[in-house]
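Sequence lines, in order, name chains A and B. For the first sequence, my numbering begins at 1 and goes up steadily by one. For the second sequence, my numbering begins at 162 and goes up steadily by one. Note that beta-carbon positions come from the ideal geometry of N, C-alpha and C, so glycine has one too. Quick caveat, the model's predicted, so the values are computed rather than measured. What follows is a single structure, written as structure tokens, with notes after it.
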Amino acid sequence: MSVSIQTADFDLSAEVAALRSADPGVGAVATFVGCVRDRNDGSGVSAMELEHYPGMTEKSIESMISAARRRFDIRAVRVIHRVGLLQPQDQIVLVAVASSHRGSAFRACEFLMDYLKTQAPFWKKESTPEGSRWVDARVSDDEAMARWQQGEPDPATEPDR
Amino acid sequence: MNVQVRYFASIREVLGAGESIEVPAGATIGELRDRLIASSAAHATALSRERSLRSALNQLLCDESEPVGADAEVAFFPPVTGG
Chain A
1 MSVSIQTADF DLSAEVAALR SADPGVGAVA TFVGCVRDRN DGSGVSAMEL
51 EHYPGMTEKS IESMISAARR RFDIRAVRVI HRVGLLQPQD QIVLVAVASS
101 HRGSAFRACE FLMDYLKTQA PFWKKESTPE GSRWVDARVS DDEAMARWQQ
151 GEPDPATEPD R
Chain B
162 MNVQVRYFAS IREVLGAGES IEVPAGATIG ELRDRLIASS AAHATALSRE
212 RSLRSALNQL LCDESEPVGA DAEVAFFPPV TGG
């Protein structure tokens, strides 16, 4: 299954091994791991609760992966996003992309993270010394996503790195 | 038509996980939101037009101009913060 929404932690190297297995055409795997920080927006963070919209979450990430496959020459994708109660330094999200070459793998991985940050239905609530608060969406995330909509070098004319 | 509405995050904390509502055939998401806003003071605050909210129709992000069909699932939530 390409997409998992789960409370359990994940093992990056096991996931990369699974992504590469039985595909000798893979020349590159790019991965991103997001983790809980102990500070955000000027306050210490002692815990983070992740809520999601079951059903929509999986659908939306699957459609982001389809968009990545149409846009980039990639062979396999694995996305894991945790939900529930997390602590500082816990892993939150994994995006791993396998491709023949590194250019597509790097770009598709960043594309998927930017897309996920702006469209996937998750919400974070942080525990701070001042009390619990919902994290606000960042303008910089919308700007990052907008950059992808401004067009990219045409894959037909640009050699993959 | 009967529509199932779901709420998430800070909206859920005020209005609960969801509710059922009757709307006229052909109503849009925006009109549904207006009906909900009119239904109570808590709804008026939580779903206020001053707030930046997103909507989904049958688990797909949508515009408020989308018409809602019978037995639709509509969700209202704050801008997402996953990843």
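Selection Ile-80(A), Ser-104(A), Leu-85(A) evaluated against Val-29(A) yields Ser-104(A) as nearest (Cα-Cα).
Annotation for Ala-207(B): Ile-172, Val-175, Leu-176 place their beta carbon closer than 7 Å to its own, counting only its chain and skipping 5 residues before and after. At a cut-off of 9 Å between beta carbons, Thr-242(B) contacts chain A. Secondary structure at Tyr-115(A): helix, using DSSP grouped into helix, strand and coil. DSSP, reduced to helix, strand and coil, places Thr-57(A) within a helical segment of the structure shown. DSSP places Thr-128(A) in the uninterrupted beta strand (DSSP E) bounded by 122 to 128. In the three-state scheme derived from DSSP, where H, G and I count as helix and E and B as strand, Arg-212(B) is classed as coil.
The straight-line gap separating the alpha-carbon atoms of Ala-98(A) and Ile-74(A) is approximately 6 Å.
In the structure shown, the three-state DSSP call for Gly-34(A) is strand.
If you ignore the 5 residues before and after Phe-106(A), its C-beta comes within less than 6 Å of the C-beta of Ala-30, all in its own chain and listed in chain order.
Judged by DSSP in its simplified three-state form, Ala-205(B) adopts helix.
Annotation for Gly-131(A): the continuous beta strand (DSSP E) segment containing it runs 131 to 134. According to DSSP, Gly-177(B) shares a beta bridge with no other residue. CA-to-CA, the gap between Ala-47(A) and Gln-87(A) works out to about 5 Å. In this structure, DSSP gives Glu-51(A) an extended state, which the three-state scheme calls strand. Counting only the Cα atoms, Ser-181(B) lies some 36 Å from Ala-68(A).
The distance from the Cβ of Asp-9(A) to that of Gln-91(A) is about 6 Å, consistent with a contact at the 8 Å cut-off.
For Gln-87(A), there is no enclosing alpha helix (DSSP H), as DSSP marks it with neither H nor E.
Within chain B, Gly-244 have C-beta atoms less than 8 Å from the C-beta of Gly-34(A), given in sequence order.
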